[in-house]
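Report on one structure; see the data block that follows.
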Amino acid sequence: MRLFTLTSLSIRRLDFIAESTSCVRYFNHNECNILINSPLGRHCEILIIGLKNRSSIVNLISEMPTLRSLICHCIDDEYTTWNSSSVDDELIEWLRIRLPLTYEISRNEKQTHLLRLWIDQKKCLVTAKLYTKIYMFINIFVLFQISWIFIIFIFE
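Numbering of the sequence shown is given in numbering that gives the first Met the number 0, commencing with residue 0 and proceeding in unit increments.
Here it is, written out as structure tokens:
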């Protein structure tokens, strides 16, 4: 993509979603990687983008160190206003499982097909390390319990 060869350090906001959703250009995984590795992607703080796959959200956030805000629409998002529930939003729950709790994830109130993510990269690094340690501890604990149950079962 020729756009990503621009090297201006002053461009901090990229908006790839037009006013009309019929004009949205959806980025696939490879195009997201091109954006991530471009000078524009390295300096981008606010990104508004259409995505073909929800996993690209996690990839963009983890690989764009200066990103503070992501507004996106995913093709694989099944949320609609007529079947919506603030309690049961599958994509938001999917993201909450994969992203640190320091991120704010919500839907745009007027355009509910758009997700808004507020990103705190500084807290993210500390939180990600903490989550990794907690996850490892839980896995070790679960394996220990399974081993203990297995030993008890064998000797009964």
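Backbone N, C-alpha and C fix where the C-beta goes; we use that ideal spot for every residue, glycine too.
Only a predicted model underlies this, so the values are computations on that prediction, with no experimental measurement involved.
Are the CB atoms of residue j and residue i within a distance shorter than 9 angstroms?
i, j, result
"L90", "R53", "yes"
"G40", "C71", "no"
"I74", "K51", "yes"
"E44", "L59", "no"
"R97", "V57", "yes"
"I47", "R12", "yes"
"R106", "D119", "no"
"P38", "S7", "yes"
Let me confirm a value: residue i is counted as buried when at least 16 other C-beta atoms fall within 10 Å, else exposed. Which label applies?
i, result
"S55", "buried"
"F26", "buried"
"D76", "buried"
"M63", "buried"
"L113", "buried"
"I133", "exposed"
"I104", "buried"
Can you round the beta-carbon distance between residue i and residue j to whole angstroms, since I take them to be within the 8 angstroms contact cut?
i, j, result
"N61", "W117", "Residue identity differs from the one stated: residue 61 is Ser in this sequence, not Asn. No, S61 and W117 are not in contact; Cβ-Cβ is about 16 angstroms, not under 8 angstroms."
Check: What runs of the alpha helix (DSSP H), each 4 residues or longer, lie entirely inside the segment 32–116?
Finding: If we require 4 residues or more, the alpha helix (DSSP H) runs fully inside the segment 32–116 come out as 38–42, 54–62 and 89–97.
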